[in-house]
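Residue numbers (numbering that gives the first Met the number 0): 0 to 156. To start, the structure itself, in structure tokens.
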Amino acid sequence: MGSTQSKSAQPVIFYNQSSPLQHSQGYEEPVKNKEEPIPVSNEKIEHLVRERVAQELKRQRDEQEQANKQAYGDLAKKNIQNDHNSIAIGEDIDTMMQKLQRSTPADIPAVIAERQEALIVCYKNNQSRPLDCWEEVEEFKNAVASEQKKFVAAHQR
């Protein structure tokens, strides 16, 4: 519907031979003064390309070196902080271990030692039937409980 009428098949060019083409001097001078390019040998071109590539590689190496120095400096600072933290944590662990260490009793009370020895003998004699040693277990538990009560009573504030 009228789409063929709105499209033109070819561009229309107006050309009048009777009127000379006019343009300003600003356009004419660069074209007239333009010298022919000096022919450059392939060796010179390769040399220039190699120089530019070498310069770019050197620039990139320098940038990478700067970035590495920055990163190493940051890591060194973090390591120093971590070393201080690890030393402090190590000292804390040592003090906590000293607080938690129990003093080994130099001598076990005689009552407990007797009950313990009786229990061990019973277990050795009744290896297939350890439940037969229930009386010895009860006596050992009672002896330990009475010694604990004595210890707590002696160390109460």
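All C-beta atoms, glycine included, are put in the ideal place defined by N, C-alpha and C. Keep in mind the model is a prediction, meaning the values are calculated, not measured.
Of R128, V110, Q97 and N125, the smallest CA-CA separation from E138 is found for V110. Note that the stretch 139-152 touches the stretch 108-126; at least 3 beta-carbon pairs, one per stretch, sit closer than 8 Å. Per DSSP, reduced to three states, the secondary structure at Q115 is helical.
Note on geometry: alpha-carbon atoms of A152 and I92 lie some 31 Å from one another. Per DSSP, reduced to three states, the secondary structure at P129 is helical. An exposed status is given to E45, since fewer than 16 other beta-carbon atoms sit within 10 Å of its beta-carbon.
Assigned with DSSP and collapsed to three states, I88 falls in helix. Here the alpha carbon of T94 sits roughly 28 Å from the alpha carbon of K76. Across the structure, L56 and E90 are spaced so that their CA atoms are roughly 50 Å apart. Per DSSP, reduced to three states, the secondary structure at S145 is helical.
With distances taken between CA atoms, I107 lies nearest to E146 out of E146, V39 and A53.
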